[in-house]
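Numbering (our numbering), first residue to last: 110 to 427. Note that the Cβ used here is the ideal one computed from N, Cα and C, for glycine as well. Model, not experiment: these values are computed from the prediction. Written below as structure tokens is the structure these notes are about.
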């Protein structure tokens, strides 16, 4: 976590106090310090592309209504001085209801850490909890089944959309992805009026290999030349490329490994939200000398416009 010296000092002090509170025998357990909660949430933001690329709102309650734009203003040229024109304005369609759901994660810390190590123990707990929450949110957004079977299937993910939902779905039938596929997707979005520089592609690293090969065959190396120093995502025709193993490979049926690729306009496709609060509970394992920390957060994910999602299914990924 990159922090200035001042913010690190504040975190270090809060971490030390929190460690002492966690491992004390006091029956009254204090609330999680604001600095510790903020660091966990900040870590989630840094590790989750979904939060960085999609609209993400702060929810003041577990249920929030989100209004989708269904109309916009029009440009006109008066036929003559004083002539009337048809009124045009931004309009909104039927609101979409977002409902936050709770997810929990736990870790444990040693009760016998040295004074110098206590800050590191809490810092590691912050990273571990933040990482698991980030993974949970990203999996829900990309591949969640929406059936509530477990924490990773609370909401319907982008890759689970179908043609019946309104998404554009192309079956690659275990063919590799190529630059032509990106071209076709871009044409689709431009035809829908959803084009521009805001598009993003989520792709399995094994499938991305063939996209890099297609670029190389055409004398291009955009995807291969990552901008490591600035941390920017590689782009093709303005489409940001995110390689993620969460779009997991699966067997086509004959031993060939394939995966799905999702291209979308994130500002239109979906919205996420969370309560911006982290709850902490504790338990003691005296015999093992460990304090168990259970943390929970509440977040939501909602598909807005399925037609702003383009899915390439069964793409060669081996």
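Backbone CA spacing between residue 406 and residue 166 [nearest angstrom] = On the chain shown, position 297 is the one that residue 406 refers to. On the chain shown, position 57 is the one that residue 166 refers to. CA-to-CA, the gap between residue 406 and residue 166 works out to about 14 Å.
Buried or exposed: residue 154, going by 16 or more other Cβ atoms within 10 Å of its Cβ?
-> If you number the chain shown from 1, residue 154 lands on position 45. Residue 154 is exposed by the Cβ-count criterion.
Assign residue 298 to one of three DSSP states: helix, strand, or coil.
-> Along the chain shown, read from residue 1 onward, the residue named residue 298 stands at position 189. Per DSSP, reduced to three states, the secondary structure at residue 298 is helical.
Using DSSP bridges, identify the partner residues of residue 349.
-> To locate residue 349, count along the chain shown from 1; it is residue 240. Bridge partners of residue 349: 309, 344.
Could you have a look at residue 281 and say whether DSSP puts it in helix, strand or coil?
-> Mapped onto the chain shown, residue 281 falls at position 172. Residue 281 sits in coil when the DSSP states are folded into three classes, being neither helix nor strand.
Which same chain residues, not among the five before or five after residue 387, have their C-beta less than 7 Å away from its C-beta?
-> One-based indexing of the chain shown puts residue 387 at position 278. Leaving aside the five residues that flank residue 387 on each side, the residues in its chain whose CB is nearer than 7 Å to its CB run, in chain order, 141, 146, 149, 150, 404, 406.
With 8 Å set as the bound, which would you pick, yes or no: does the beta-carbon of residue 378 sit closer than that to a beta-carbon of chain D?
-> Note that chain D does not occur in the displayed structure, where there is just one protein chain.
Simplified DSSP state of residue 381, which is helix, strand or coil | Within the chain shown, numbered from 1, the residue matching residue 381 stands at position 272. In this structure, residue 381 counts as strand in the three-state DSSP scheme.
Quick one: is residue 298 buried, meaning 16 or more other Cβ sit within 10 Å of its Cβ, or exposed?
-> To locate residue 298, count along the chain shown from 1; it is residue 189. Classification of residue 298: buried, given that the 10 Å Cβ count is 16 or more.
Return helix, strand or coil for residue 361, following the three-state DSSP convention.
-> Numbered from its first residue, the chain shown carries residue 361 at position 252. In the structure shown, residue 361 sits in coil (DSSP, three-state: anything other than H, G, I, E or B).
DSSP state of residue 394 mapped onto helix, strand, coil = The count along the chain shown starts at 1 and reaches residue 394 at position 285. Assigned with DSSP and collapsed to three states, residue 394 falls in strand.
Are residue 163 and residue 379 close, meaning C-beta to C-beta below 8 Å?
-> Against the chain shown, residue 163 aligns to sequence position 54. Against the chain shown, residue 379 aligns to sequence position 270. The Cβ atoms of residue 163 and residue 379 sit closer than 8 Å to each other.
Go to residue 211, then tell me how far its beta strand (DSSP E) extends in each direction, as first and last residue.
-> Numbered from 1 along the chain shown, position 102 holds the residue referred to as residue 211. It spans 210 to 219 - the beta strand (DSSP E) in which residue 211 sits, taken as one unbroken run.
Can you give me the Cβ contacts of residue 376 inside the same chain, cut-off strictly under 8 Å, excluding the 5 residues immediately before and after it?
-> Residue mapping note: residue 376 aligns to position 267 of the chain shown, counting from 1. Cβ neighbours of residue 376 beyond the five flanking positions: 163, 164, 307.
Kindly list the residues whose CB is nearer than 8 Å to the CB of residue 339, restricted to its own chain and excluding five residues on each side of it in sequence; keep chain order.
-> For the purposes of this step, residue 339 is identified with residue 230 of the chain shown, where counting begins at 1. Residue placement at residue 339 is flagged as unreliable, the pLDDT there being 39, under the threshold of 50; a coordinate-derived value is accordingly withheld.
Taking the alpha-carbon positions, what's the residue 120 to residue 232 distance?
-> In the chain shown, counting from the first residue as 1, residue 120 sits at position 11. In the chain shown, counting from the first residue as 1, residue 232 sits at position 123. The C-alpha of residue 120 lies about 9 Å from the C-alpha of residue 232.
Straight-line Cα distance separating residue 230 from residue 122 | As a first step, residue 122 is located in the chain shown; it is residue number 13 there, counting from the start. As a first step, residue 230 is located in the chain shown; it is residue number 121 there, counting from the start. If I take the Cα positions, the gap works out to 13 Å.
Please classify residue 338: does DSSP put it in a helix, a strand, or coil?
-> As a working mapping, residue 338 is identified with position 229 in the chain shown. Per-residue confidence for residue 338 stands at a pLDDT of 34, beneath the threshold of 50, marking its modelled position as unreliable; the derived number appears in the next sentence. Of the three classes helix, strand and coil, the one that applies to residue 338 here is coil, per DSSP.
With 16 as the cutoff for other CB atoms within 10 Å, does residue 115 come out buried or exposed?
-> Along the chain shown, read from residue 1 onward, the residue named residue 115 stands at position 6. Low local confidence applies: a pLDDT of 37 at residue 115 is under 50, so the model's placement there is unreliable, with the coordinate-based value given in what follows. Exposed: under 16 other Cβ atoms inside 10 Å.
Taking buried to mean at least 16 other C-beta atoms within 10 Å of its own C-beta, is residue 343 buried or exposed?
-> For this step, residue 343 is matched to residue 234 along the chain shown. Buried, by the Cβ-count rule.
Would you kindly check if the distance between the Cβ of residue 266 and the Cβ of residue 253 is under 8 Å?
-> Stepping through the chain shown from its first residue, residue 253 is reached at position 144. Stepping through the chain shown from its first residue, residue 266 is reached at position 157. Yes, the Cβ-Cβ distance between residue 253 and residue 266 is below 8 Å.
Within 10 angstroms of its Cβ, does residue 412 collect 16 or more other Cβ (buried), or is it exposed?
-> Translated into positions along the chain shown, residue 412 becomes position 303. So residue 412 ends up on the buried side.
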